[in-house]
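Note sheet for the following structure.
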Amino acid sequence: MTLTKLKKTATGTSGEKSVEKPAGKVTTLKEHIIEIISDSGEGAQRCGQSFGAIAARMGNGIWTTEIIPAEIRPPARSVAGASGNRIRIGSNYITNGGDQTDLVVAFNEQVLLGRVRDRELKPGCIIFLESMWRKHPDLNISMAYVETHARLVAAGYKVRETPMEEQCQLLNADPKRGKNMFALGMLCYVYSFDLQMARDQIALTFGKKSQAVIEANVVLLEAGHAWAAANLDFSFCIPATPAAQPQIVINGNTAVALGVMASGMEICAMYPITPATSASHYLSEVFEKVGGMVHQAEDEIAACSFAIGASYASKCTVTITSGPGYSLKQEAIGLAVMAEIPLVVVNVQRGGPSTGQPTKVEQGDLMAAIFGSHGDAPKVVMAPATIEDCFYSIITARRIAETFNMVVVVLTDASLSSSQQPFNRPQFTESWLAPPIDQSPVPEGARPYDWDATTGLARRFIPGQPGGMHTVTGLAHDRDSHVAYDPDINQESLRARSLKLAALQKTLTPPEVIGGNDGDLLIVGWGSTKGAIEEAVETLREGGHKVSSIHLRFLQPMQPGIKEIMRRFKKVLAVEVNWSDSPDEEIIDADNRRYSSMAILLRSRYLVDVDCWTEVRGQPVKPSTICRVVLAKLKK
Amino acid sequence: MKSSATDCLLELYDEQHELEDYQSGVPRWCTGCGDNAILTAVQRLCRDEALRPEKTVFVSGIGCSSRFPHYMKTYGLHTLHGRALPIAEGVKMARPDLTVFVNTGDGDCCSIGAAHWIHAIRYNMNLTVFLHDNQIYGLTKKQASPTSPIGTKSNTTPRGSYLDALNPLSVTLGVANVSFVAQAVDWIPESLFEIVKAAYHHKGFSFVRILQRCPEWLPKSLDPWMHDPDRIQLLHHENALHLSAGLSKVYKNQLEHDPLDMNRAREIASSEHICPVGILYQNKDVPRYEETRHSNVLRTNDLVRKGFEAELDKYTV
Numbered sequence: 001m002t003l004t005k006l007k008k009t010a011t012g013t014s015g016e017k018s019v020e021k022p023a024g025k026v027t028t029l030k031e032h033i034i035e036i037i038s039d040s041g042e043g044a045q046r047c048g049q050s051f052g053a054i055a056a057r058m059g060n061g062i063w064t065t066e067i068i069p070a071e072i073r074p075p076a077r078s079v080a081g082a083s084g085n086r087i088r089i090g091s092n093y094i095t096n097g098g099d100q101t102d103l104v105v106a107f108n109e110q111v112l113l114g115r116v117r118d119r120e121l122k123p124g125c126i127i128f129l130e131s132m133w134r135k136h137p138d139l140n141i142s143m144a145y146v147e148t149h150a151r152l153v154a155a156g157y158k159v160r161e162t163p164m165e166e167q168c169q170l171l172n173a174d175p176k177r178g179k180n181m182f183a184l185g186m187l188c189y190v191y192s193f194d195l196q197m198a199r200d201q202i203a204l205t206f207g208k209k210s211q212a213v214i215e216a217n218v219v220l221l222e223a224g225h226a227w228a229a230a231n232l233d234f235s236f237c238i239p240a241t242p243a244a245q246p247q248i249v250i251n252g253n254t255a256v257a258l259g260v261m262a263s264g265m266e267i268c269a270m271y272p273i274t275p276a277t278s279a280s281h282y283l284s285e286v287f288e289k290v291g292g293m294v295h296q297a298e299d300e301i302a303a304c305s306f307a308i309g310a311s312y313a314s315k316c317t318v319t320i321t322s323g324p325g326y327s328l329k330q331e332a333i334g335l336a337v338m339a340e341i342p343l344v345v346v347n348v349q350r351g352g353p354s355t356g357q358p359t360k361v362e363q364g365d366l367m368a369a370i371f372g373s374h375g376d377a378p379k380v381v382m383a384p385a386t387i388e389d390c391f392y393s394i395i396t397a398r399r400i401a402e403t404f405n406m407v408v409v410v411l412t413d414a415s416l417s418s419s420q421q422p423f424n425r426p427q428f429t430e431s432w433l434a435p436p437i438d439q440s441p442v443p444e445g446a447r448p449y450d451w452d453a454t455t456g457l458a459r460r461f462i463p464g465q466p467g468g469m470h471t472v473t474g475l476a477h478d479r480d481s482h483v484a485y486d487p488d489i490n491q492e493s494l495r496a497r498s499l500k501l502a503a504l505q506k507t508l509t510p511p512e513v514i515g516g517n518d519g520d521l522l523i524v525g526w527g528s529t530k531g532a533i534e535e536a537v538e539t540l541r542e543g544g545h546k547v548s549s550i551h552l553r554f555l556q557p558m559q560p561g562i563k564e565i566m567r568r569f570k571k572v573l574a575v576e577v578n579w580s581d582s583p584d585e586e587i588i589d590a591d592n593r594r595y596s597s598m599a600i601l602l603r604s605r606y607l608v609d610v611d612c613w614t615e616v617r618g619q620p621v622k623p624s625t626i627c628r629v630v631l632a633k634l635k636k
Numbered sequence: 637m638k639s640s641a642t643d644c645l646l647e648l649y650d651e652q653h654e655l656e657d658y659q660s661g662v663p664r665w666c667t668g669c670g671d672n673a674i675l676t677a678v679q680r681l682c683r684d685e686a687l688r689p690e691k692t693v694f695v696s697g698i699g700c701s702s703r704f705p706h707y708m709k710t711y712g713l714h715t716l717h718g719r720a721l722p723i724a725e726g727v728k729m730a731r732p733d734l735t736v737f738v739n740t741g742d743g744d745c746c747s748i749g750a751a752h753w754i755h756a757i758r759y760n761m762n763l764t765v766f767l768h769d770n771q772i773y774g775l776t777k778k779q780a781s782p783t784s785p786i787g788t789k790s791n792t793t794p795r796g797s798y799l800d801a802l803n804p805l806s807v808t809l810g811v812a813n814v815s816f817v818a819q820a821v822d823w824i825p826e827s828l829f830e831i832v833k834a835a836y837h838h839k840g841f842s843f844v845r846i847l848q849r850c851p852e853w854l855p856k857s858l859d860p861w862m863h864d865p866d867r868i869q870l871l872h873h874e875n876a877l878h879l880s881a882g883l884s885k886v887y888k889n890q891l892e893h894d895p896l897d898m899n900r901a902r903e904i905a906s907s908e909h910i911c912p913v914g915i916l917y918q919n920k921d922v923p924r925y926e927e928t929r930h931s932n933v934l935r936t937n938d939l940v941r942k943g944f945e946a947e948l949d950k951y952t953v
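These protein sequence lines map, in sequence, to chains A and B. Reminder that position 9 of the first sequence reads as 9 in the numbering used here, one-by-one numbering, no gaps. Count along the second sequence starting at 1, add 636, and that's the number in the numbering used here.
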């Protein structure tokens with residue numbers, strides 16, 4: 001069938017209808033969580049991303065979360081193989097993935113089972129389930145479908161069998177490739193989206209492909225919309241409050257990459273590792289246009305070493321990795337600390353130890369980031385808490401690295417890396433960019449490590465500067481960078497490198513307290529849990545509980561005022577996505593309990609009895625879970 | 637990468653330098669250590685080529701050899717065990733205007749840093765690399781290295797080392813994009829200097845293995861070559877090194893070898909009973925990574941802004 005004919009067919013059956021007002025009942029909602037799941041490679045991710053982007057265009061708040069199977073190609077129709085996207089849409093700004101899902105589009109019943117098993121679906125959740133499996137020639141498959149369908153219905157889910165494949169075949173399109181756009185059309189109807197915005201989004205999504213591809217997808221979109229209009233007796237409307245400023249919608253890894261670009265850094269050295277790599281993919285695509293380059297090194301060690309060499313001789317560079325790669329870089333990070341070479345290291349944390357859960361979120365590398373390498377290796381550790389933060393943190397990290405000649409570790413995680421959220425389009429300013437490197441002659445008598453007595457800071461000499469010749473070394477060295485054999489010099493140089501952290505700390509501001517300034521319980525969080533924690537605080541306060549939270553963006557050094565804030569609360573609870581022993585375990589007591597990373601840091605630094613609650617389910621923490629935990633802690 | 641700061645400062649004036657302009661500190665190598673000979677040859681090269689000290693960087697790893705930058709009055713980067721090459725690559729990528737040398741040892745390059753060595757050959761960046769090969773770990777006091785001859789008695793192999801030695805020349809010649817491989821010995825200063833000079837002038841990854849005596853831990857291992865001039869085979873060619881009358885008189889075993897002949901180079905590299913000295917292989921046409929990856933756009937703040945805004949446009953809703 002030619003494209004024109006295809007389009008005609010679609011228009012004939014549906015095109016006109018799509019502009020009519022939906023006939024069924026329209027329910028107005030404040031927010032909803034929607035999932036689109038399929039086998040890997042069936043396009044549910046693209047459908048979900050597009051759906052989120054259209055919602056953002058409508059002016060809705062969104063948070064999208066990728067649902068990623070651990071394997072590249074899990075077997076078709078497998079329970080653990082769900083691939084797709086989860087979109088939380090709201091009338092207002094959305095800060096996290098929220099709780100359980102309200103509506104699912106599933107391309108087969110098996111991937112759906114995985115989501116049920118993981119308790120991701122709300123009781124009574126609406127399910128649009130691909131119905132083709134009912135008539136599948138393989139009896140095992142059709143029986144599995146019938147049985148699962150019955151179970152889901154019995155469990156109270158509102159299952160709508162949907163002939164997506166069949167409808168796509170009517171258009172003679174390849175359903176394997178087009179079903180996702182059909183589903184997108186359905187969802188656009190269900191959520192009363194402007195179809196023209198959806199068409200525009202498709203044009204943008206497939207912008208690199210031919211016009212024919214765009215048109216074919218638009219036809220499927222319209223068909224899905226028309227089918228829903230004709231067959232559904234309900235639809236929703238989530239009124240949008242458009243933002244005052246233009247918004248961009250990106251995920252955390254793209255934000256990191258854009259931050260690298262906007263920070264004026266020129267070299268990114270990396271080695272492929274999940275879930276960090278997509279940041280480097282994107283940079284590889286765009287960095288050269290602004291005179292930058294991405295170097296894929298032979299290993300993580302080489303990537304970090306290459307970055308250090310480039311930083312030493314020029315502007316600060318960045319290396320992007322995840323846990324196991326971070327471990328491999330630790331020795332080189334020690335050199336950068338010792339030699340006071342600026343460097344930004346991004347660690348997109350994943351589940352560990354070892355290969356762990358490469359696609360899942362965890363905040364397990366905090367201690368490694370602060371105390372890692374060997375000996376006393378003071379470095380700055382920052383943790384962006386939102387997608388927007390991922391962008392600005394890199395710019396700040398570059399500036400700190402070059403101002404203090406330090407290593408700055410930026411800890412994001414698998415949740416931030418692939419979640420999308422709209423935020424105000426950044427307004428570029430030249431002050432973000434690294435200044436040109438100093439190539440002026442070094443004044444007579446100036447020394448390469450002339451540590452300031454108060455701050456420990458020293459001016460860095462860069463190759464090319466006449467008169468500044470010296471050999472940087474990882475060995476203990478004096479102010480002339482000569483290898484130090486004098487014990488006093490080692491004492492002096494460690495002092496200087498440590499004082500730089502204190503000097504930076506003096507420039508930081510106290511964290512903002514969310515909720516009331518005092519009360520019964522203070523939650524302390526860091527990184528990607530911010531939205532969920534603050535939403536939980538809001539809910540708890542609405543319920544009359546005196547609960548507040550702070551979220552730490554600097555983990556080394558820590559912001560001032562934290563102790564004073566904690567003192568104003570009866571209890572302090574660190575909420576994190578890393579391991580801690582539950583005090584409820586039979587053999588756990590005050591003497592052997594292993595606390596979470598943040599709790600250990602707070603307890604040791606501030607001598608405050610900080611409790612902790614953590615989970616390592618590989619999923620972003622849900623606001624409702626935090627509410628439940630806090631309520632239990634309040635009762636104790 | 638181009639930045640106005642580095643481009644404008646190139647070649648503004650000519651300078652003349654004395655040997656002292658490149659000398660820094662008193663080398664703390666043992667008496668009779670071959671590193672001293674290498675240092676002398678390299679300092680002479682710097683003077684003869686009038687290298688500007690502030691535009692010259694020596695990068696080293698860890699080991700006796702890697703103390704080298706401390707004795708040069710240039711910029712230096714004394715780094716981590718095995719990582720001199722990737723660090724030097726970073727320096728060169730960021731600053732192609734700098735002259736970058738690498739000093740590494742047989743443990744540093746052929747053992748802990750072996751992965752980087754293989755890939756450095758492949759990148760073929762314009763680096764002059766000296767493998768100070770004394771066939772033993774010196775700084776950590778006598779452990780067998782990958783180039784120790786089988787049977788070498790050391791503190792970790794008191795009954796003799798168990799494995800055949802790795803041949804750094806053969807390994808280097810086996811890697812894609814190899815562009816310059818030479819061998820020198822510390823006890824023939826004239827040829828050492830000529831080889832170092834040829835390596836410096838080669839634009840690409842110039843790998844020079846320098847057989848170097850360790851009087852402290854392996855004093856006799858190079859004796860068979862040192863004491864029998866006939867076992868030294870001087871390589872010469874009209875497109876490579878020319879032999880002086882003096883050298884020809886002492887070292888009669890000479891071989892005319894075209895450095896473009898890879899097969900012959902591999903044969904020479906693997907000879908067991910003679911020690912080839914000279915350029916085994918040179919190919920000036922291998923692309924250099926820093927040039928392949930060099931951005932032709934002149935990086936300005938405005939360019940970054942435009943590129944950044946164009947990306948934001950893609951994501952603006």
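Note that the Cβ used here is the ideal one computed from N, Cα and C, for glycine as well. This structure is a prediction, so every number in the text was calculated from the model and none was measured.
Only counting the same chain, and skipping five residues up and downstream in sequence, which positions put a Cβ closer than 7 angstroms to that of residue i?
i: K21/A; result: In this prediction, K21/A scores a pLDDT of 48, lower than 50, which makes its location untrustworthy; no coordinate-derived value is stated.
What do you reckon, are the CB atoms on residue i and residue j nearer than 8 angstroms?
i: E362/A; j: T95/A; result: no
i: P448/A; j: G468/A; result: yes
i: I34/A; j: L129/A; result: no
i: D92/A; j: G59/A; result: Position check: residue 92/A holds Asn in this sequence, whereas Asp was assumed. Going by C-beta atoms, N92/A is not nearer than 8 angstroms to G59/A.
i: N770/B; j: L854/B; result: yes
i: T101/A; j: R77/A; result: no
i: G259/A; j: I387/A; result: no
i: K379/A; j: Q556/A; result: yes
i: A720/B; j: G749/B; result: yes
Start and end of the beta strand (DSSP E) containing residue i?
i: V678/B; result: That residue, V678/B, is in no beta strand (DSSP E); its alpha helix (DSSP H) goes 670-684.
i: R639/A; result: This structure gives no information on residue 639/A, because the portion of chain A shown stretches from 1 to 636.
i: E71/A; result: Run containing E71/A: none; DSSP gives neither H nor E here.
i: S624/A; result: Unbroken run through S624/A is the alpha helix (DSSP H), 623-635; no beta strand (DSSP E).
i: R845/B; result: 841-847
i: I723/B; result: No beta strand (DSSP E) contains I723/B, which is instead part of the alpha helix (DSSP H) from 720-730.
Only counting the same chain, and skipping five residues up and downstream in sequence, which positions put a Cβ closer than 8 angstroms to that of residue i?
i: V19/A; result: No answer about V19/A holds up, because its pLDDT of 44 lies below 50 and its placement is not dependable.
i: W861/B; result: V821, L847, R867, I868, C911
i: Y648/A; result: Outside the shown range of chain A (1 to 636) lies residue 648/A, about which nothing can therefore be said.
Compute the beta-carbon to beta-carbon distance between residue i and residue j, rounded to the nearest angstrom, for a pair I have assumed lies under 8 angstroms.
i: L521/A; j: K633/A; result: 6 angstroms
i: R852/B; j: G774/B; result: Note that residue 852/B is Glu in the sequence shown here, rather than Arg. With 8 angstroms as the limit, E852/B and G774/B qualify as a contact, their Cβ atoms being about 7 angstroms apart.
i: I333/A; j: V256/A; result: No, I333/A and V256/A are not in contact; Cβ-Cβ is about 18 angstroms, not under 8 angstroms.
What are the boundary residues of the alpha helix (DSSP H) that residue i is part of?
i: D949/B; result: 937-951
i: C390/A; result: 387-404
i: V146/A; result: 139-154
i: A574/A; result: Per DSSP, A574/A belongs to no alpha helix (DSSP H); it is in the beta strand (DSSP E), 569-576.
i: E861/B; result: This sequence places Trp at residue 861/B; Glu is not what is there. Taken as a continuous stretch (DSSP letters only), the alpha helix (DSSP H) holding W861/B covers 859-862.
i: M367/A; result: 366-371
The region 612-633 of chain A: which residues have C-beta closer than 7 angstroms to a C-beta of chain B, in chain order?
The region 612-633 of chain A vs chain B, Cβ under 7 angstroms: nothing.
Looking at chain B, which residues of the region 46-69 of chain A have a Cβ within less than 8 angstroms of any of its Cβ atoms?
For the region 46-69 of chain A, which is checked against every Cβ of chain B, the residues closer than 8 angstroms are A53, A56, R57.
Got a sec: which bits of the region 83-100 of chain A sit with their beta carbon under 9 angstroms from any beta carbon on chain B, in order along the chain?
The region 83-100 of chain A vs chain B, Cβ under 9 angstroms: nothing.
Which of the residues in the region 755-773 of chain B, read from start to end, lie with their CB under 8 angstroms from any CB of chain A?
Of all residues in the region 755-773 of chain B, H755 have a Cβ within less than 8 angstroms of some Cβ in chain A.
Quick one: which residues of the region 305-327 of chain A get their C-beta closer than 9 angstroms to a C-beta of chain B? List them in chain order.
Of all residues in the region 305-327 of chain A, S305, F306, A307, I308, G309, A310, S311, Y312, A313, S314, K315, T317 have a Cβ within less than 9 angstroms of some Cβ in chain B.
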